[in-house]
Amino acid sequence: MKLNLYSGIALTMLFGLIFNVFIQALIALVALIVLRRFSGGFHLPISLCSLVTAILSTLAAGITLNHLFIHMFTALSLVAMMLFAPISFEGDDADAFHPLAKTISIVLIASNFVFQSSTLAMMFIFQSTFILPIYSTKGGEIE
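Structure, rendered in structure tokens:
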């Protein structure tokens with residue numbers, strides 16, 4: 018069975034309901050989708066991506082960080098975006114508007130210094146790991 022974007026959303030909603038973090042999981046998912054659109058990043062095969070996205074969104078929603086870790090994860094994510102975003106993988110067009118995409122990614126993450134959201138800090142650090150230059154640039158394949 019091949020999953021797609023809608024499956025990722027449905028799984029996130031289901032996991033959010035099961036673990037009683039529905040709203041936070043949706044916030045995490047939206048944050049990931051928006052940041053990923055501008056930062057680019059490593060692609061898993063679509064079925065695996067849907068499942069991993071749902072799991073990460075639910076984890077981010079269910080973990081409460083203290084202010085130190087919120088600041089630390091937000092700062093680390095910000096540095097990663099400054100250094101590596103946007104990163105283009107096979108099929109991506111993130112670098113077609115590179116300066117704007119980088120700026121939007123940085124502003125999105127920096128906004129968490131105002132919001133102080135544990136959920137956003139977690140999703141931003143997750144997404145930041147997917148733009149590190151340690152992955153193959155062939156979507157869904159690790160060399």
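Residue numbers (the numbering used here): 18 to 160. Heads up, the beta-carbon is just placed ideally off N, CA and C, and yes, glycines get one too.
Can you list the alpha helix (DSSP H) stretches of 4 or more residues lying completely in the region 56-111, in chain order? 63-79 and 84-101
Cα-Cα separation, Phe39 to Phe32: 8 Å
From Leu22, Asn21 and Ser134, residue whose alpha carbon lies closest to that of Leu82: Minimum Cα distance to Leu82 is reached at Ser134.
Thinking just about the alpha-carbon of each residue, which of Lys119, Ser56, Ser105 and Asn21 is nearest to the one in Lys140? A quick correction: the sequence has Met, not Lys, at residue 140. Residue Ser56 is the option with its Cα nearest to Met140.
Among Phe132, Ala127, Ala102 and Thr29, which has the Cα closest to the Cα of Phe145? It should be noted that the sequence gives Ser, not Phe, for residue 145. Looking at the Cα atoms, Ala102 is the closest of the given residues.
Could you check how far apart the C-beta atoms of Ser64 and Leu28 are, in whole angstroms? I think they sit under 8 Å. About 11 Å; that fails the 8 Å criterion.
Contacts around Gly79, its chain only, beta-carbon distance under 6 Å, and the 5 residues preceding and following it disregarded: Phe36 and Val38.
Do Leu125 and Val47 come within 8 Å of each other at the CB atom, strictly closer than that value? no
The alpha helix (DSSP H) that contains Gln144, what's its start and end? Ser135 to Thr146
By Cβ distance below 6 Å, which residues in the same chain neighbour Ala177 in space, the five residues on each side in sequence not counted? Residue 177 falls outside the range modelled here, since the chain spans only 18 to 160, and no answer is possible.
Indicate the three-state DSSP secondary structure (helix, strand or coil) for Ile35 in the structure shown. helix
Can you tell me where the alpha helix (DSSP H) with Asn129 in it begins and where it stops? Asn129 to Phe132
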